[in-house]
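A.B. asks: So in this note's numbering, spot 239 of the sequence shown is number 387, and the numbers just go up one at a time.
Glycine is no exception: its CB is placed at the ideal position from the N, C-alpha and C atoms.
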Amino acid sequence: MTANNLPNLNDSVREALDFFRRNRPPHWQSRSGLRFVVGSVNAYHTGKMLFSDQAAIFADESDFSTVLKTYRPLIKNKTIKEAVVISASGEKDSVWEVKAAQAAGLKTRLLTCNADSSAAKLADDCVVFNKIPEPYSYNFSTYLGMLLSVTGESATTIKKFLSAVKPPLAFKKSSFFSFVLPDRFRPIADMIMVKDDELFGPYSSLRAYSEGQARHAKFIARSSRELIISFDTTVYFGDAKQRWNIKLPKNADFGLILALSYHLVGLIQKQKPPYFKKGLARFCRLAPLAYGKKEPWAMIVK
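Below, the structure written as structure tokens:
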């Protein structure tokens with residue numbers, strides 16, 4: 149993989165699954181009690197899954213400062229003792245988030261893929277996950293490793309399932325794609341929407357909703373070029389000829405659903421013009437300016 153030969157997202161999915169077949173993610177345990185879980189964009193959504201069965205207050209880079217002020221009484225009386233910050237890079241917003249949490253009197257734990265990062269050097273505790281090199285913003289292996297560390301899913305089983313998924317003829321003929329996921333996987337629907345921003349931008353091609361969200365006026369406008377892709381759900385929306393329901397295994401968990409979603413998004417990316425690949429170099433050159441940095445970001449994150 150080079151800057152001039154970037155893979156599509158589905159290629160990174162396949163490589164990441166092969167990697168985790170050989171390298172199991174680290175085992176870690178969350179502490180008991182109420183905590184803050186903080187992350188930006190898909191790190192935030194990953195946090196919603198990692199702590200889906202635990203008491204947590206979720207925040208991102210836009211509202212964490214406000215959230216700390218709002219819950220100051222609970223921090224002061226030790227009801228909330230910890231902030232978990234999730235950041236694949238351990239840089240950017242995670243640095244000030246760790247500092248802000250510590251200044252508020254909280255213990256900090258960082259979940260990251262970069263043991264040498266600025267945030268890792270500041271955090272009280274750090275859990276480091278392995279990953280593969282990927283184009284900037286793909287971040288599939290980064291978050292898959294975190295999810296597998298909690299769900300215990302088999303990367304081999306996930307890859308075998310993906311190999312059996314065969315898109316219908318309507319897939320290649322469609323221009324727009326809407327995903328409908330079971331309610332439990334709402335955070336992954338949000339992650340699909342992020343991928344629409346990153347891969348297609350103004351050439352938007354994807355929509356994604358939980359089953360509950362889909363019932364609320366999402367499909368008033370209709371197109372014969374839109375394919376409705378549902379995961380183990382009954383879909384009442386769109387043209388009946390433009391529906392594809394994928395039957396899930398009984399034990400399907402977050403890792404499989406994320407892999408399936410990104411695999412399909414990568415197939416969509418493959419049949420579209422290379423918007424992402426054409427724009428990435430410019431983005432990596434200009435984006436650091438928003439953080440007061442001049443050095444370009446790497447197009448391939450190792």
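When you compare each of I280, R373 and A204 to F325 by their alpha carbons, which one comes out closest?
C.D. replies: Translated into the one-based positions of the sequence shown, residue 325 becomes position 177. It is R373.
A.B. asks: Report back the beta-carbon spacing between P283 and L428 to the nearest angstrom; my notes put them in contact at under 8 Å.
C.D. replies: Here the question's residue 283 lines up with position 135 in the sequence shown. Here the question's residue 428 lines up with position 280 in the sequence shown. That belief holds up - the Cβ atoms of P283 and L428 are roughly 7 Å apart, short of 8 Å.
A.B. asks: Determine, using beta carbons only, whether L259 and V243 come nearer to each other than 8 Å.
C.D. replies: Sequence index remark: in the sequence shown, residue 259 carries index 111 (1-based). Sequence index remark: in the sequence shown, residue 243 carries index 95 (1-based). Result no, Cβ atoms of L259 and V243 do not sit closer than 8 Å.
A.B. asks: Let me check understanding here. Comparing Cα to Cα, which of A312, D345, A337 and F402 lies closest to S378?
C.D. replies: Reading the sequence shown from its first residue, position 230 is the one you call residue 378. Closest by alpha carbon: A337.
A.B. asks: Tell me the residue span of the beta strand (DSSP E) that contains Y357.
C.D. replies: Residue 357 sits at position 209 when you count from the first residue of the sequence shown. Its beta strand (DSSP E) spans residues L354 to S358.
A.B. asks: Quick check on DSSP: helix, strand or coil for A204?
C.D. replies: Here residue 204 corresponds to residue number 56 of the sequence shown, with the count starting at 1. DSSP places A204 in strand when its eight states are reduced to three.
A.B. asks: For V189, which three-state DSSP category applies?
C.D. replies: As a working mapping, residue 189 is identified with position 41 in the sequence shown. Residue state, collapsed to three classes: coil.
A.B. asks: Evaluate the contact criterion for the region 179 to 195 versus the region 225 to 233: three or more CB pairs, one atom per stretch, below 8 Å.
C.D. replies: Touching, yes, given that three or more Cβ pairs across the two stretches are closer than 8 Å.
A.B. asks: Please classify L347: is it buried, with 16 or more other beta-carbons within 10 angstroms of its beta-carbon, or exposed?
C.D. replies: What you label residue 347 is simply residue 199 of the sequence shown in a count that begins at 1. The residue is buried, with at least 16 neighbouring Cβ atoms inside 10 Å.
A.B. asks: Whose CA, out of A203, Q417, A204 and L396, lies closest to the CA of K308?
C.D. replies: The residue given as residue 308 occupies position 160 in the sequence shown. For the residues A203, Q417, A204 and L396, the minimum Cα distance to K308 belongs to L396.
A.B. asks: Taking the beta strand (DSSP E) that A231 belongs to, which residues open and close that run?
C.D. replies: Along the sequence shown, read from residue 1 onward, the residue named residue 231 stands at position 83. Here the beta strand (DSSP E) through A231 covers I228 to I234.
A.B. asks: Would you mind reading off the limits of the alpha helix (DSSP H) that contains I280?
C.D. replies: Along the sequence shown, one-based indexing puts residue 280 at 132. Unbroken run through I280: none, as it is neither H nor E.
A.B. asks: If you draw a straight line from the C-alpha of D159 to the C-alpha of T381, how long is it?
C.D. replies: By one-based count along the sequence shown, residue 159 stands at place 11. By one-based count along the sequence shown, residue 381 stands at place 233. Spanning the two alpha carbons is a distance of roughly 27 Å.
A.B. asks: On the DSSP bridge assignment, give the partners of I377 in chain order.
C.D. replies: If you number the sequence shown from 1, residue 377 lands on position 229. Answer is F327 and W392, bridged to I377.
A.B. asks: Let me check one thing: in DSSP terms, what residues is I368 bridge-paired to?
C.D. replies: Reading the sequence shown from its first residue, position 220 is the one you call residue 368. None, per the DSSP bridge assignment.
A.B. asks: If distances are taken between C-alpha atoms only, which option among R430, K279, V313 and K255 comes closest to F168?
C.D. replies: For the purposes of this step, residue 168 is taken as residue 20 along the sequence shown, with counting starting at 1. Comparing Cα positions, the closest option is K279.
A.B. asks: Helix, strand or coil: which one does DSSP assign to K255?
C.D. replies: Numbered from 1 along the sequence shown, position 107 holds the residue referred to as residue 255. If DSSP states are grouped into helix, strand and coil, K255 belongs with the strands.
A.B. asks: Starting from the Cα of V298, find the closest Cα among F199, P155 and K450 and give me that residue.
C.D. replies: Taking the sequence shown and counting its residues from 1, one reaches residue 298 at position 150. Of the listed residues, the one whose Cα sits closest to V298 is F199.
A.B. asks: To the nearest angstrom, how far is the alpha carbon of D201 from that of T214?
C.D. replies: By 1-based counting over the sequence shown, the position of residue 201 is 53. By 1-based counting over the sequence shown, the position of residue 214 is 66. Taking the straight line joining both Cα atoms gives about 24 Å.
A.B. asks: On the criterion of 16 or more Cβ atoms from any shown chain inside 10 Å, does K398 qualify as buried, or is it exposed?
C.D. replies: Counted from its first residue, the sequence shown places residue 398 at position 250. So K398 counts as exposed.
A.B. asks: Which stretch, first to last residue, makes up the alpha helix (DSSP H) that contains H175?
C.D. replies: Position 27 of the sequence shown, counted from the start, is the residue given in the question as residue 175. H175 -> no alpha helix (DSSP H), and no H or E assigned at all.
A.B. asks: Could you pull the DSSP bridge partners for R183 from this structure?
C.D. replies: The count along the sequence shown starts at 1 and reaches residue 183 at position 35. DSSP output for R183 lists A204 and E230 as bridge partner(s).
A.B. asks: Could you give the first and the last residue of the continuous alpha helix (DSSP H) run that contains G414?
C.D. replies: Within the sequence shown, numbered from 1, the residue matching residue 414 stands at position 266. Run containing G414: F402 to K418, per the alpha helix (DSSP H) assignment.
A.B. asks: So the candidates are L157, G386 and V246; which of them puts its Cα closest to the Cα of F327?
C.D. replies: Here the question's residue 327 lines up with position 179 in the sequence shown. Nearest of L157, G386 and V246 to F327, Cα basis: G386.
A.B. asks: From D401 to A438, what does the alpha carbon distance come to, in whole angstroms?
C.D. replies: Position 253 of the sequence shown, counting from 1, holds the residue named residue 401. Position 290 of the sequence shown, counting from 1, holds the residue named residue 438. Computed Cα separation, rounded: 36 Å.
A.B. asks: What residue range does the alpha helix (DSSP H) around R162 cover?
C.D. replies: Position 14 of the sequence shown, counted from the first residue, corresponds to residue 162. Where R162 is concerned, the enclosing alpha helix (DSSP H) stretches over L157 to R170.
A.B. asks: Cβ of D344 versus every heavy atom of the ligand GDP: is any distance shorter than 7 Å?
C.D. replies: The model depicted lacks the ligand GDP and carries no ligand whatsoever.
A.B. asks: I need the boundaries of the alpha helix (DSSP H) containing A429, first residue and last residue.
C.D. replies: Here residue 429 refers to the residue found at position 281 when the sequence shown is read from its first residue. Run containing A429: Y423 to L434, per the alpha helix (DSSP H) assignment.
A.B. asks: Assuming L254 and I223 are in contact, meaning their beta carbons sit under 8 Å apart, how far apart are those beta carbons, in whole angstroms?
C.D. replies: Along the sequence shown, read from residue 1 onward, the residue named residue 254 stands at position 106. Along the sequence shown, read from residue 1 onward, the residue named residue 223 stands at position 75. So it is a contact: roughly 6 Å between Cβ atoms.
A.B. asks: Which first and last residues belong to the alpha helix (DSSP H) in which F333 is found?
C.D. replies: One-based indexing of the sequence shown puts residue 333 at position 185. Taken as a continuous stretch (DSSP letters only), F333 belongs to no alpha helix (DSSP H), as it is neither H nor E.
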